[in-house]
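Protein chains in written order, with this note's numbering: chain A, 1 to 252; chain B, 1001 to 1260; chain C, 2001 to 2262.
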């Protein structure tokens, strides 16, 4: 008997929810609530308009930080990928900055931007900059030499070459890197909001716990974070399908 | 548009040094020109590093951070690799479990802190749990991808030689998937390092992350803040380089040489 | 070179391309490897020259030097008297695979070098070359939906559209199955006879060389020197069972050192 594709995962999730509920009922007095309480929590947040407000705040910061990182890191990365010497110069420095958690920049962010939107956007920017830079560099390196040679053969000016050969050739790989980096941005914004800002989904989690151990809201917040993160990822994937479908290499 | 001439060997050292020197100059001038009383000069940071090294605390902090990474990461690898291999081997199982993973994955490990504190209390175990969470997903994803990307012809060849399922997994699929699994492990290590630092800023009172936030909170010692950041970067880089050396070990090299 | 030419050989006696004491030496792992040595070659306008030789002997390197993608270590290449210093629209290289841009349609690819023309002119040229290579109906198709043979035809169309003086083809049919290869040879000859250009065609396939070329240049193994230049004095269409054809073919096989009995 053929089941629809979504049936088994849904049943699996459902059975997990049931186990969760049973576990909570078995341990009275545990701070962690059951799934129904969490659902009620989501309802409560929606009712007070808080959920929408916080989701918008988080998305706003992610969008700005991510876009700023794209417009700085990608052109720089493409240039570095092309000019070996530039890459040689900046590679060691990037390699040292890359493993520094964006959150470690919080003291500097607060110093330069105070507590608020700007500093969280800065943190997201820092978190996205290096991954995007490295993706762009790597994308240029993996352009097949035939495309470059063909572009040179047709006597294109530098500007025309970049626009008509380099850019389309790196696009598929760039989009994949951007999707991964968007995921990173989403992780950073939540963490940043837990420490350095007063609104947003991360703040919701911290606030719910501090102001009365409302763990139903804590977990509600976590679920919303997960779902929105997943939606962002799917949105980027459909963008990838759309744009890079035609740009994928003609391999048999 | 012509290609620039091939760079020489000495240039590999020359240009980074030039870039670093330039950056330090800009930093120094920036601080001087802005007249800030708080943001440190490069030299103050260097002094800060030596100060940290003299105070024994630094080595304890580094040790704590590394220890948490080691434990959390190992547990993630020991659980994640078998789970990932199974999910990759049984696409039906993957189909069932995947949606759950896809929802849990975008939740920042930091967001798990309140839950972690309930189960583990404030302190080391909570931080280790965060590292475990952060490393777990990349490892599982890489294992699934690794197994599914083993070419069908390898599996067929194995069956042709009469291998049982388990032997097939052990002798053919696992080695074939190994390059990708290793890449996933390396990425997971990087993520673990990022998360341990972040986690230490909130949930514990030792470690490099804690050092960063404490230096600021107790006396606005931004020279120590930046010093700690640089150390974090250097150690993270060292971990990555060490792992890449491991990847080069002969028995695994074939996978990367073949890769197009 | 025999005076018994007929239709299918050079239209004038002007030298189109001249390679003078060409040599390429490159370094790998600290060792200096000579790829080409003392190549002297004169190619006439409108001629179809094939370059053959054992695998890895440097045929592609020679092509890349002539096209201006590599600089020779010694000697020079001149085209129409002008020294070759870099890639140029007047001499287009057709590659073995992955040469067409996957992000452009057939039309987009053929029109790639035509940005300086007016819209009407460009459309006209594209239509002309789509027809010439028999890709009508596929103007809006992407390369990923074309067969290997069609992609190579597209590459040739793209190359011809900019009206180059010389066409360099680097084993263009090497990635195709043998039936398609035979068809493509016919197509190339038909196109060449319709729009005459100078062609330098690298191949490792002896039959291909004898079927297509006016002259065949045989390169030795590395360091590659010109071992022999064999004129093919058979007029098109060439009967591949004619005695003269077989004679020339055997001569080539002997030159390369291959037996002609298996």
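Backbone N, C-alpha and C define an ideal beta-carbon position, used for all residues, glycine too.
Residue i versus the options, residue with shortest Cα-Cα distance
| i | options | result |
| --- | --- | --- |
| residue 2223 of chain C | C:2209, C:2032, C:2016 and C:2057 | C:2057 |
| residue 2040 of chain C | C:2229, C:2140, C:2236 and C:2060 | C:2229 |
| residue 2220 of chain C | C:2192, C:2034 and C:2188 | C:2034 |
| residue 2254 of chain C | C:2227, C:2233, C:2111 and C:2118 | C:2227 |
| residue 2191 of chain C | C:2048, C:2015 and C:2030 | C:2048 |
| residue 2242 of chain C | C:2211, C:2055, C:2174 and C:2181 | C:2211 |
| residue 92 of chain A | B:1027, B:1019, B:1123 and B:1169 | B:1019 |
| residue 2154 of chain C | C:2163, C:2139 and C:2258 | C:2139 |
| residue 2171 of chain C | C:2098, C:2122, C:2102 and C:2214 | C:2098 |
| residue 309 of chain A | A:129, A:55, A:15 and A:95 | With chain A represented from 1 up to 252, any question about residue 309 of chain A goes unanswered, as that position is not in the structure. |
| residue 2084 of chain C | A:55, A:232, A:22 and A:153 | A:153 |
C-beta neighbour in chain B for residue i, strict 9 Å
| i | result |
| --- | --- |
| residue 242 of chain A | no |
| residue 187 of chain A | yes |
| residue 250 of chain A | In this predicted model, residue 250 of chain A has a pLDDT of only 38, less than 50, meaning its place in the structure is not dependable; the value taken from the coordinates is given anyway. Answer no: the Cβ-Cβ gap between residue 250 of chain A and chain B never drops below 9 Å. |
| residue 91 of chain A | yes |
Under 9 Å between C-beta atoms of residue i and residue j
| i | j | result |
| --- | --- | --- |
| residue 2108 of chain C | residue 2022 of chain C | no |
| residue 1072 of chain B | residue 1138 of chain B | no |
| residue 1201 of chain B | residue 1190 of chain B | no |
| residue 1045 of chain B | residue 1227 of chain B | yes |
| residue 217 of chain A | residue 41 of chain A | yes |
| residue 124 of chain A | residue 192 of chain A | yes |
| residue 115 of chain A | residue 197 of chain A | yes |
| residue 2051 of chain C | residue 2044 of chain C | no |
| residue 2042 of chain C | residue 2090 of chain C | no |
| residue 2151 of chain C | residue 2187 of chain C | no |
| residue 1110 of chain B | residue 62 of chain A | no |
| residue 131 of chain A | residue 195 of chain A | no |
| residue 2202 of chain C | residue 2063 of chain C | yes |
| residue 1049 of chain B | residue 1230 of chain B | yes |
| residue 2067 of chain C | residue 2093 of chain C | yes |
| residue 100 of chain A | residue 1216 of chain B | no |
| residue 2252 of chain C | residue 2209 of chain C | yes |
Beta-carbon neighbours of residue i, restricted to chain C and to distances below 7 Å
| i | result |
| --- | --- |
| residue 152 of chain A | 2087 |
Proximal chain B residues relative to residue i, where beta-carbon distance stays under 7 Å
| i | result |
| --- | --- |
| residue 226 of chain A | 1103, 1104, 1106 and 1107 |
| residue 116 of chain A | Under the 7 Å cutoff, chain B gives no residues; its nearest Cβ is about 17 Å from residue 116 of chain A. |
| residue 205 of chain A | 1111 and 1114 |
Neighbour flag for residue i against chain C, beta carbons, 9 Å
| i | result |
| --- | --- |
| residue 169 of chain A | yes |
| residue 211 of chain A | no |
| residue 160 of chain A | yes |
| residue 164 of chain A | yes |
N-terminal and C-terminal residue of the beta strand (DSSP E) that residue i is part of
| i | result |
| --- | --- |
| residue 2263 of chain C | Because chain C here runs from 2001 to 2262, residue 2263 of chain C falls outside it and cannot be looked at. |
| residue 100 of chain A | From DSSP, residue 100 of chain A is part of no beta strand (DSSP E); its letter is neither H nor E. |
| residue 2043 of chain C | 2031-2044 |
| residue 2231 of chain C | 2226-2231 |
| residue 1111 of chain B | Unbroken run through residue 1111 of chain B: none, as it is neither H nor E. |
| residue 2021 of chain C | 2015-2028 |
| residue 2048 of chain C | 2048-2052 |
Proximal residues of chain A, C-beta to C-beta of residue i below 7 Å
| i | result |
| --- | --- |
| residue 1210 of chain B | Result: empty, since nearest Cβ-Cβ is about 11 Å, beyond 7 Å. |
| residue 2069 of chain C | 149 |
| residue 1015 of chain B | 85, 88 and 89 |
Start-to-end residues for the alpha helix (DSSP H) that takes in residue i
| i | result |
| --- | --- |
| residue 2128 of chain C | 2119-2132 |
| residue 21 of chain A | 7-26 |
| residue 1068 of chain B | 1057-1089 |
| residue 1025 of chain B | 1011-1034 |
| residue 128 of chain A | 117-141 |
| residue 2183 of chain C | 2178-2194 |
Contacts that residue i makes with chain C (C-beta to C-beta distance below 8 Å)
| i | result |
| --- | --- |
| residue 155 of chain A | 2087, 2088, 2089 and 2113 |
Cross-chain neighbours of residue i in chain A, by beta carbon under 9 Å
| i | result |
| --- | --- |
| residue 1240 of chain B | 95, 98 and 99 |
| residue 1097 of chain B | 9 and 12 |
| residue 1081 of chain B | Under the 9 Å cutoff, chain A gives no residues; its nearest Cβ is about 21 Å from residue 1081 of chain B. |
Residue-chain proximity (residue i, chain A), Cβ-Cβ < 9 Å
| i | result |
| --- | --- |
| residue 1001 of chain B | Confidence at residue 1001 of chain B is low in this model, with a pLDDT of 44, below 50, so its placement is unreliable and no value can be given for it. |
| residue 2092 of chain C | yes |
| residue 1048 of chain B | no |
| residue 2192 of chain C | no |
| residue 1259 of chain B | Because the pLDDT of residue 1259 of chain B is 42, which lies under 50, any placement of that residue in the model is unreliable, and the number read from its coordinates should be weighed accordingly. Chain A contact via Cβ: absent. |
| residue 1033 of chain B | no |
| residue 2006 of chain C | Residue confidence is low: residue 2006 of chain C scores 40 on pLDDT, short of 50, so the model does not pin down where it sits. Its coordinate-derived value is still stated next. Residue 2006 of chain C does not count as touching chain A. |
Listed by chain order, chain A residues near residue i by CB distance under 8 Å
| i | result |
| --- | --- |
| residue 2095 of chain C | 146, 149 and 150 |
Interface residues of chain B facing residue i [CB-CB closer than 9 Å]
| i | result |
| --- | --- |
| residue 202 of chain A | 1108, 1110 and 1111 |
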